[in-house]
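Report on the following structure.
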C-alpha cells in the first residue's frame with residue numbers, strides 16, 4: 009500500500025510516518041504540509057514533503073490525514089475524486105465537516121476516528137456498558153489532558169465519550185468547565201474538563 013501523510017511534520021503525523029516506514033507491506037510515498045512550512049521539499053520515504061496534495065495523490069492508494077480541521081474536508085474530497093482511500097485522524101470537526109466526510113464515504117473507503125488506540129476502543133465499549141446500567145444517581149464527568157500544543161478542546165476522544173454517554177445514559181445536558189456559584193450539580197448532567205499542559209500525549213478519565 010502506498011501512503012501519503014498529510015500533516016506529516018506534526019506530532020501524530022511524524023509518528024505515523026515512522027510506523028509506516030517500519031511496515032514491509034506499506035510505502036510512504038510523500039507527505040503534505042502547509043505552504044511555507046520548513047519541511048517542504050525535504051525527503052520523506054520514497055518521495056518528498058509538498059504542499060499540494062493534488063500534485064502527489066496519483067502516486068498513492070491511501071491518504072492519512074493528521075493536518076487541521078480547516079483542510080481535511082478538501083483533502084477527503086480530493087481523495088474521493090481520485091478514488092483513493094482516506095483515513096482521518098483530525099479532531100475538532102464541526103457537524104457539517106463530519107457530514108462531508110460521510111458523504112465522501114459513499115464513494116471511497118473513509119475512516120474517521122478521533123483515536124486509533126485499541127485501549128480507547130475498549131474504553132468506549134466499557135463506558136457504553138456502564139452508562140446503560142447506571143442510573144441518574146451516578147455522577148458523570150469526562151476529564152481529558154493533552155500537551156499544550158493541542159489545538160482543539162475537548163479532544164475528539166472526549167467528545168466521543170460524551171456522545172456515548174448521551175446516547176446510552178440519556179444525559180442531554182453537557183457543561184464544559186465550571187466557574188463561580190454554579191449551584192449543585194443536577195441529575196443527567198455531564199461535566200467536561202480539558203487540561204492542556206506540558207507534553208502529555210493524552211489521558212482520559
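Numbering (the numbering used here), first residue to last: 9 to 213. Every residue, glycine too, gets a C-beta built ideally from N, C-alpha and C.
Beta-carbon proximity of residue i to residue j, cut-off 9 Å
i: residue 152; j: residue 163; result: yes
i: residue 172; j: residue 136; result: yes
i: residue 48; j: residue 12; result: no
i: residue 178; j: residue 196; result: yes
i: residue 55; j: residue 37; result: yes
i: residue 101; j: residue 77; result: yes
i: residue 141; j: residue 204; result: no
i: residue 139; j: residue 85; result: no
Classification of residue i by the beta-carbon crowding that lies within 10 angstroms, buried from 16 upward
i: residue 53; result: buried
i: residue 106; result: exposed
i: residue 29; result: exposed
i: residue 99; result: buried
i: residue 89; result: exposed
i: residue 189; result: exposed
i: residue 191; result: exposed
i: residue 44; result: exposed
Close Cβ partners of residue i (< 6 Å) along its chain, the five nearest in sequence each way excluded
i: residue 165; result: 122, 123, 128, 212
i: residue 15; result: 21, 74, 75
Length of the line joining the Cα atoms of residue i and residue j
i: residue 10; j: residue 183; result: 43 Å
i: residue 115; j: residue 91; result: 8 Å
i: residue 69; j: residue 87; result: 9 Å
i: residue 159; j: residue 110; result: 23 Å
Cβ neighbours of residue i in the same chain (closer than 8 Å, five flanking residues each side left out)
i: residue 132; result: 168, 169, 172
i: residue 198; result: 148, 149, 150, 170, 173, 174, 179, 181, 182, 183
Cβ of residue i within 9 Å of any chain B Cβ
i: residue 150; result: The structure shown contains no chain B; it is built from a single protein chain.
Beta strand (DSSP E) runs wholly inside the segment 104–174, at least 3 long, in chain order: The beta strand (DSSP E) runs lying completely inside the segment 104–174 and spanning 3 residues or more are 118–120, 148–154, given in chain order.
In chain order, which continuous runs of the alpha helix (DSSP H) of length 4 or greater are located wholly inside the segment 11–73? Runs of the alpha helix (DSSP H) inside the segment 11–73: 19–29.
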